[in-house]
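Data first, discussion second: the structure below is written as structure tokens.
Numbering (the numbering used here), first residue to last: 30 to 333.
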């Protein structure tokens, strides 16, 4: 557009006219775009643990302003304290707007971009045996079930000792008297933050121990009879917790190495063993004869 202008003074003198050319630019710049660089956790939920943004580049001659939560930032000078620094953002909701302005003063906004920043890891899960059978606190059990307690809304991941990758399938305990289950767990929240690991170690034993064996001294026998003795004491042998009973109902603990007195004649009793996991063996039933009366005296007694 061309304009012609001249000046005239009070006396009517008119100066030379001069043409002025004006350029009108009403074109706005391209609309800037904003996106999370890392939408951690669930894609598309605008919840992240990394506030770094992907912002489209500016065109030549365009001035850019960034607003963070309503405050204007210095886009061009990253050394200024008010430059957008994702590491300085606190947890919570944040709103970002980018405004581009060209040399003609035409401006365009990206629109308000909102996201939630969550950099706080969840608490680690708690793993606990449902039942520590046998001796409490030794983590030897006949019940391989365990509970998992975690914060609401997190995903629990597991791996067992030797695994390279984490997975969401709850591991099943492996049975074995000489095997230690080592189960690790961690929590991952919706923003992708990962908790510390927790570990549960225990041994699962479901196989009962062998039943105890009878111990009586038959060294003086002149006949091959393992259930005949002339000794007063007897015991049972087992590498586990031992109990004996006269009626199979009421049980008495028998310490390792301890012996029990016997009566003259036929002795009848029951015995069982219990391992560290609380598994109880089959009940053993034993009958033996104690004979301490010499043969001659026995004949005299029979005569009388």
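A virtual CB, placed ideally from N, CA and C, is assigned to each residue, including glycine. Bear in mind that the values here come from a model prediction, so they are computed numbers and not experimental data.
Spatial neighbours of residue i within its chain, please: CB distance less than 6 Å, with the 5 preceding and 5 following residues excluded, ordered by chain position.
i	result
residue 228	213
residue 317	245, 256 and 296
residue 314	299
residue 238	269, 302, 304 and 310
residue 92	130
residue 68	77
residue 288	262 and 264
residue 135	57
How is residue i classed by DSSP in three states: helix, strand or coil?
i	result
residue 117	helix
residue 188	strand
residue 43	strand
residue 318	strand
residue 339	Because residue 339 is not part of the residues shown, which for the chain are 30 to 333, the question remains open.
residue 71	coil
residue 157	strand
residue 77	strand
residue 167	coil
residue 123	strand
residue 83	strand
residue 149	coil
residue 101	strand
residue 94	strand
residue 138	strand
residue 55	coil
residue 133	coil
residue 310	coil
residue 88	coil
Under 8 Å Cβ to Cβ from residue i, same chain only, skipping five residues before and after it: list those, please.
i	result
residue 197	184, 185, 186 and 187
residue 226	153, 213, 214 and 215
residue 123	80, 97, 98, 143, 144, 145 and 146
residue 189	200, 210, 211, 212 and 213
residue 182	218 and 219
residue 204	173, 233, 234, 235 and 236
residue 177	154, 155, 156, 185, 199 and 214
residue 165	none
For residue i, count neighbouring Cβ atoms within 10 angstroms of its own Cβ and tell me buried if that reaches 16, exposed if not.
i	result
residue 170	buried
residue 258	buried
residue 37	exposed
residue 221	buried
residue 279	exposed
residue 232	buried
residue 55	exposed
residue 126	buried
residue 248	exposed
residue 273	buried
residue 207	exposed
residue 101	exposed
residue 74	exposed
residue 61	buried
residue 202	buried
residue 319	buried
Cα-Cα, which of the options is closest to residue i?
i	options	result
residue 291	262, 37 and 98	262
residue 235	313, 57, 85 and 162	162
residue 84	138, 70, 131 and 168	138
residue 76	143, 99, 56 and 168	143
residue 155	122, 175, 95 and 271	175
residue 230	260, 167, 129 and 181	167
residue 59	323, 205 and 140	140
residue 224	158, 172, 248 and 148	148
residue 172	322, 321, 307 and 312	307
residue 89	293, 205 and 132	132
residue 218	72, 150, 285 and 260	150
residue 120	78, 271 and 157	78
residue 285	277, 271 and 275	271
residue 115	135, 164 and 65	65
residue 293	252, 321 and 281	321
residue 323	250, 281 and 275	250
Spatial neighbours of residue i within its chain, please: CB distance less than 7 Å, with the 5 preceding and 5 following residues excluded, ordered by chain position.
i	result
residue 242	265 and 266
residue 179	154, 185 and 216
residue 160	170 and 172
residue 260	245 and 246
residue 63	82, 84, 125, 127, 139 and 142
residue 113	95, 97 and 102
residue 275	298
Return yes when at least one heavy atom of the ligand NAP lies under 8 Å from the C-beta of residue i, else no.
i	result
residue 178	No copy of the ligand NAP appears in this structure; indeed no ligand is present at all.
Can you confirm whether residue i, when its beta carbon is compared against all beta carbons of chain C, has any partner nearer than 9 Å?
i	result
residue 311	The structure shown contains no chain C; it holds only a single protein chain.
- Item | Ranges of the beta strand (DSSP E) found wholly within the segment 250-297, counting only runs of at least 3 | 262-266, 270-274 and 281-283
- Item | Uninterrupted beta strand (DSSP E) stretches inside the segment 194-228 (no shorter than 3 residues) | 210-217
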